[in-house]
């Protein structure tokens with residue numbers, strides 16, 4: 015993994031160097047407070063502030079930051095959206111698993127694997143239109159036929175095929191870049 019090059023504009027507030035550690039030291043406390051107000055939980059805010067800076071560290075291309083707090087807010091909002099989406103997936107998964115009879119219920123380890131898999135699928139499909147995602151999930155998770163998906167969603171079979179190709183291509187390239 016390449017270390018990101020963060021360039022802070024010299025005339026920006028409190029910033030006079032190109033080091034990510036300066037961005038962290040000058041703005042981490044502020045970002046943590048901003049996230050704490052959004053989440054209502056200091057521990058989760060600390061985790062997401064950490065994730066925000068990790069996302070910056072993992073960037074391949076250099077970043078020029080003129081307004082550090084506005085930039086951090088944008089990155090943190092994306093991290094926060096991912097966090098909320100993961101929570102929504104986890105709740106839906108656990109709600110479904112609660113309906114499974116105890117004799118058929120997966121073990122805690124199998125539940126964790128299932129949840130991780132669902133979150134990874136969500137990550138792979140990120141950015142696709144809702145209908146494309148639904149077509150892919152009906153085909154892959156529900157095992158529906160192309161005709162069944164078309165009837166369920168009120169679209170043509172050729173549209174189902176086109177959406178599956180688009181989702182499959184997205185997954186392929188997302189996995190290839192990991």
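Residue numbers (my numbering): 15 to 192. Virtual Cβ for every residue (Gly too), placed ideally from N, Cα, C.
Assumed close pair residue i, residue j - CB separation to whole angstroms, cut-off 8 Å
i           : j           : result
residue 108 : residue 119 : Wrong, their Cβ atoms sit about 11 Å apart, outside the cutoff.
residue 82  : residue 41  : 5 Å
residue 132 : residue 103 : 5 Å
residue 89  : residue 71  : That pair is no contact at about 11 Å.
residue 150 : residue 181 : 4 Å
residue 155 : residue 185 : Not a contact, Cβ separation roughly 13 Å.
Three-state class that DSSP yields for residue i in the structure shown
i           : result
residue 31  : Because the pLDDT at residue 31 is just 36, under 50, the model does not fix this residue reliably, and the value given afterwards should be weighed accordingly. Of the three classes helix, strand and coil, the one that applies to residue 31 here is coil, per DSSP.
residue 16  : Interpretation of residue 16 is limited by its pLDDT of 45, a score under 50 that renders its predicted location unreliable; no figure is taken from the coordinates.
residue 103 : helix
residue 114 : coil
residue 169 : coil
residue 121 : coil
Exposure label - residue i; buried when at least 16 CB within 10 Å
i           : result
residue 177 : buried
residue 57  : exposed
residue 174 : buried
residue 31  : With a pLDDT of 36 at residue 31, under the threshold of 50, the predicted position of this residue should be treated as unreliable, though the coordinate-derived value follows. With fewer than 16 other Cβ atoms within 10 Å, it is exposed.
residue 85  : buried
residue 93  : buried
residue 66  : buried
residue 127 : exposed
residue 49  : buried
residue 68  : exposed
residue 59  : buried
residue 161 : exposed
residue 37  : buried
residue 165 : exposed
residue 179 : exposed
residue 45  : buried
residue 153 : buried
Closer than 8 Å to chain D by CB, residue i
i          : result
residue 51 : Protein chains in the displayed structure number just one, and chain D is not present.
* Okay, do the segment 138 to 152 and the segment 162 to 176 touch, 3+ Cβ pairs below 8 Å being the bar? -> They touch, by the three-pair rule.
* What are the complete alpha helix (DSSP H) segments, minimum 4 residues, inside the segment 123 to 191? -> Within the segment 123 to 191, the complete alpha helix (DSSP H) runs of at least 4 residues fall at 144 to 154, 160 to 167, 171 to 190.
* Curious, which full-length alpha helix (DSSP H) runs of at least 4 residues does the segment 41 to 102 contain? -> Restricting attention to alpha helix (DSSP H) runs no shorter than 4 residues, the segment 41 to 102 encloses them at 56 to 71, ordered along the chain.
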